[in-house]
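First the structure, in the form of C-alpha cells, and then the observations on it.
Numbering (the working numbering), first residue to last: 1126 to 1354.
Following this line, the structure appears as C-alpha cells:
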C-alpha cells in the first residue's frame, strides 16, 4: 500500500466503521502498485536477456590460388563463400582505392563483393567473430605497417557483407593488436565494440594517444557506426 492510501485512511478517524471500504481500498492500492512495475528494473531485465556475446573463431583456410588479376594474401571458407584478403596487381582503381582489400566469392567462384582498397599497408588480415544467437559474423581486417593501427570492420549476414567502419585502436604496446583486445557484444540491435585493456593506443595511425579504455567504445546501430568516448 502506498503512502497516499495510508494517509487518506488515518485522517478519516473512522477506520472501524468503514472496514469493508478499507479492504476494498487496500486491494485497489495493491492492484495499482502491481500493475505499474519499476520501468528501470524492467529495462535492465530486458537488456540482460537480450545481450549476445561474440567469440573469435578461425574458418577453414581456402586454397584458392592467386591469378593475374588477384594476388591472394590469405583466404578462408565461410559457409559456401570464400573470403579473400588480397590485391589486384595490375589495376589501379582511382575511385575505390588501390592496394589490399576484402573480396567475397560465392559457391560458383563468382565475385560478389570487394571492399575499397586500403593503399600500401603491409597487413590486411581478416579475423572472424560470431555468436550463438543469430547468423551475424563480424570480420575485422587488422591493419599494419611496421606497427599495428586498428582495423576495418565488416558485417557478414545471410550471404551479404557490408563495410561498417574503421576502429582506430590498438594495444598500449607494439605487440598488442586490435584483434587481441576487442570485445564485441550485441543488445537491442546495437553492436558494441569495447577493449579488454585499462589503457589503449587511440588513433595509432594519426596523433597516437594513450587513453583509458573506460568509456571508449564504438557502436553500430541501424547502419550508423559511431565512436563514443
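Glycine included, C-beta positions come from ideal geometry on N, C-alpha and C.
Contiguous alpha helix (DSSP H) elements confined to the segment 1292–1324 occur at 1303–1306, taking only those with 4 or more residues. Pairing residue 1238 with residue 1211 gives a Cβ-Cβ distance that is not under 8 Å. In the same chain as residue 1182, and ignoring 5 residues on each side of it, the C-beta atoms closer than 8 Å to its own belong to 1253, 1254, 1255, in chain order. A straight-line Cα-Cα distance of about 12 Å links residue 1192 and residue 1198.
When secondary structure is reduced to three states using DSSP, residue 1334 falls in the strand class.
Straight-line measurement puts the Cα of residue 1286 at about 19 Å from the Cα of residue 1186. The Cβ atoms of residue 1275 and residue 1297 lie no closer than 8 Å to each other. The criterion of a C-beta distance shorter than 8 Å is satisfied by residue 1293 and residue 1328.
Excluding residues up to 5 positions away in sequence, 1241, 1242 lie with their Cβ nearer than 7 Å to the Cβ of residue 1221 in the same chain. Separation of residue 1354 and residue 1306 (C-alpha to C-alpha, rounded to the nearest whole angstrom) is 17 Å. Per DSSP, residue 1340 is not a residue of any beta strand (DSSP E), being assigned neither H nor E. Non-local C-beta neighbours of residue 1196 in its own chain, meaning closer than 7 Å and more than five positions away in sequence, comprise 1211, 1212, 1214, ordered along the chain.
By the CB criterion at 8 Å, residue 1343 and residue 1352 fall inside the cutoff. A distance below 6 Å between beta-carbons, with the five flanking residues on each side excluded, links residue 1265 to the following residues of its chain, in chain order: 1252, 1276, 1278, 1304.
Just measuring C-alpha positions, the residue of 1175, 1248, 1180, 1176 sitting nearest residue 1209 is 1248.
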